[in-house]
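Chains as they are written, first to last, in this note's numbering: chain A, 1 to 271; chain B, 1001 to 1020. Here is the structure we will look at, set down as structure tokens.
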Amino acid sequence: PQLADQKTLARQIYEAYLKNFSMNKAKARTILTGKTSNPPFVIHDMETLQLAEQTLVAKMVGSAGALKDREAEVRIFHCCQCTSVETVTELTEFAKSVPGFSSLDLNDQVTLLKYGVYEALFAMLASSMNKDGLLVAYGSGFITREFLKSLRRPFSDMMEPKFQFAMKFNALELDDSDLALFVAAIICCGDRPGLVNVSHIEVMQESIVHILQLHLLANHPDDAFLFPKLLQKLADLRQLVTEHAQLVQEIKKTEDTSLHPLLQEIYRDMY
Amino acid sequence: KEKHKILHRLLQNSTSPVEL
């Protein structure tokens, strides 16, 4: 009966993942490997960026809006924020679907999201990346790594660490069923600063991590060390988010750009 | 609570959109 319960929980988390995220690894890989009839529009210089803005992301950039005359770096930064806000919204709905999460203390739910969403976001972002670039605008565009690197500093420093993480993370060859449990484990983490009811969260965390371990053994029988490798990735993601938060603070201080109120809430007093 | 009012709102109300 215990094994049946574990399988049910794993299935519930996987279903919540498929339901709540507009992009997943299976969809992204189909596009990135050229198995769709509509290949993504490639953004590789200022000209293709402008073309993409007029068609793919017109709503985000607000073609008639305030950003129209701003430099490319600021417009791209704004687009990244829009995507982040959407993903945070999706992650919140996903978290609410993880059994037990909604019965946690509401302030603890906020704390878990505040510290977990960016780690989860960067883990899932890897699905949309290959060594050459990143899918954008729901997979209708592909922005090249070289173009992102060619932007002026500090904006050029934004994505390269995520590509470096993604290349190592993608080498583990996780599928969406693995990622669903991994993302749930990121969110249900008992050592976030300021949690009130730690023991309640630790019980949830233990059951999710245990199910992740069993699932990996069954789904990847040829890689016995996948579970410890993934635990290491949790630490790597924490470091990646710390560096990202510092870069965003620097951009906020030195550049004339606004930060979305939801993202401000998350970054404020984070680390 | 005031510090994280959008996160609170998202957690309590799934239909509330976040303005981009």
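Quick reminder that beta carbons are idealized off the backbone N, C-alpha and C, glycines included. None of these values were measured; they are calculated from a predicted model.
Margin query: Please state whether the Cβ-Cβ distance between R152 of chain A and E73 of chain A is less than 8 angstroms.
Written below: Here residue 152 of chain A refers to the residue found at position 152 when the first sequence is read from its first residue. Here residue 73 of chain A refers to the residue found at position 73 when the first sequence is read from its first residue. Yes, Cβ-Cβ distance for R152 of chain A and E73 of chain A is below 8 angstroms.
Next item on the list: Indicate whether at least one CB of chain B lies closer than 8 angstroms to the CB of Q109 of chain A.
Entry: Here residue 109 of chain A refers to the residue found at position 109 when the first sequence is read from its first residue. True, the Cβ-Cβ gap to chain B drops below 8 angstroms.
Item checked: Spatial distance of D5 of chain A from K27 of chain A (CA atoms) -> Numbered from 1 along the first sequence, position 5 holds the residue referred to as residue 5 of chain A. Numbered from 1 along the first sequence, position 27 holds the residue referred to as residue 27 of chain A. The straight-line gap from Cα to Cα measures roughly 29 angstroms.
Next item on the list: Taking only the alpha-carbon atoms, compute the straight-line gap between E90 of chain A and E47 of chain A and give it to the nearest angstrom.
Entry: By 1-based counting over the first sequence, the position of residue 90 of chain A is 90. By 1-based counting over the first sequence, the position of residue 47 of chain A is 47. Between E90 of chain A and E47 of chain A, the C-alpha separation is close to 32 angstroms.
Next item on the list: Since I believe G139 of chain A is in contact with I43 of chain A (beta carbons under 8 angstroms), could you give me their beta-carbon distance rounded to a whole number of angstroms?
Entry: As a working note, residue 43 of chain A is residue 43 in the first sequence. As a working note, residue 139 of chain A is residue 139 in the first sequence. With 8 angstroms as the limit, I43 of chain A and G139 of chain A do not qualify as a contact, their Cβ atoms being about 13 angstroms apart.
Notebook entry, point to check: By a C-beta neighbour count over all protein chains shown, 10 Å radius and 16 as the cutoff for buried, is E15 of chain A buried or exposed?
Noted result: By 1-based counting over the first sequence, the position of residue 15 of chain A is 15. Counting Cβ neighbours within 10 Å, E15 of chain A comes out exposed, since fewer than 16 surround it.
Next item on the list: Determine the direct distance from the alpha carbon of H215 of chain A to that of D108 of chain A, and round the result to whole angstroms.
Entry: Position 108 of the first sequence, counted from the first residue, corresponds to residue 108 of chain A. Position 215 of the first sequence, counted from the first residue, corresponds to residue 215 of chain A. Roughly 27 angstroms separates the two Cα atoms.
Next item on the list: Please name the residue in A:P261, A:C189, A:E265 whose C-alpha comes closest to that of R238 of chain A.
Entry: For the purposes of this step, residue 238 of chain A is identified with residue 238 of the first sequence, where counting begins at 1. For R238 of chain A, the nearest C-alpha among the options comes from A:C189.
Next item on the list: Taking C-beta pairs closer than 9 angstroms, name the residues in chain B that T257 of chain A reaches, listed in chain order.
Entry: Indexing the first sequence from 1 puts residue 257 of chain A at position 257. In chain order: nothing, as chain B lies at least about 15 angstroms away.
Margin query: Output needed for I31 of chain A: all residues of its chain with C-beta closer than 7 angstroms, excluding positions within five of it in sequence on either side, in chain order.
Written below: In the first sequence, the residue the question calls residue 31 of chain A occupies position 31. Excluding positions up to five away in sequence, the list reads P40, L135, G139.
Margin query: Whole angstroms are fine: how far does the CA of C80 of chain A sit from the CA of A137 of chain A?
Written below: Position 137 of the first sequence, counted from the start, is the residue given in the question as residue 137 of chain A. Position 80 of the first sequence, counted from the start, is the residue given in the question as residue 80 of chain A. When rounded, the distance between both Cα atoms is 10 angstroms.
Checklist line | C-beta contact flag for V57 of chain A and L262 of chain A at 8 angstroms | finding: Stepping through the first sequence from its first residue, residue 57 of chain A is reached at position 57. Stepping through the first sequence from its first residue, residue 262 of chain A is reached at position 262. Cβ distance not < 8 angstroms, so V57 of chain A and L262 of chain A don't count as in contact.
Item checked: C-alpha distance - K1003 of chain B paired with T257 of chain A, whole-angstrom precision -> Position 3 of the second sequence, counted from the start, is the residue given in the question as residue 1003 of chain B. Position 257 of the first sequence, counted from the start, is the residue given in the question as residue 257 of chain A. Going from the Cα of K1003 of chain B to the Cα of T257 of chain A covers about 21 angstroms.
Next item on the list: Determine contact between the region 159 to 167 of chain A and the region 215 to 225 of chain A, defined as no fewer than three beta-carbon pairs at a distance below 8 angstroms.
Entry: no
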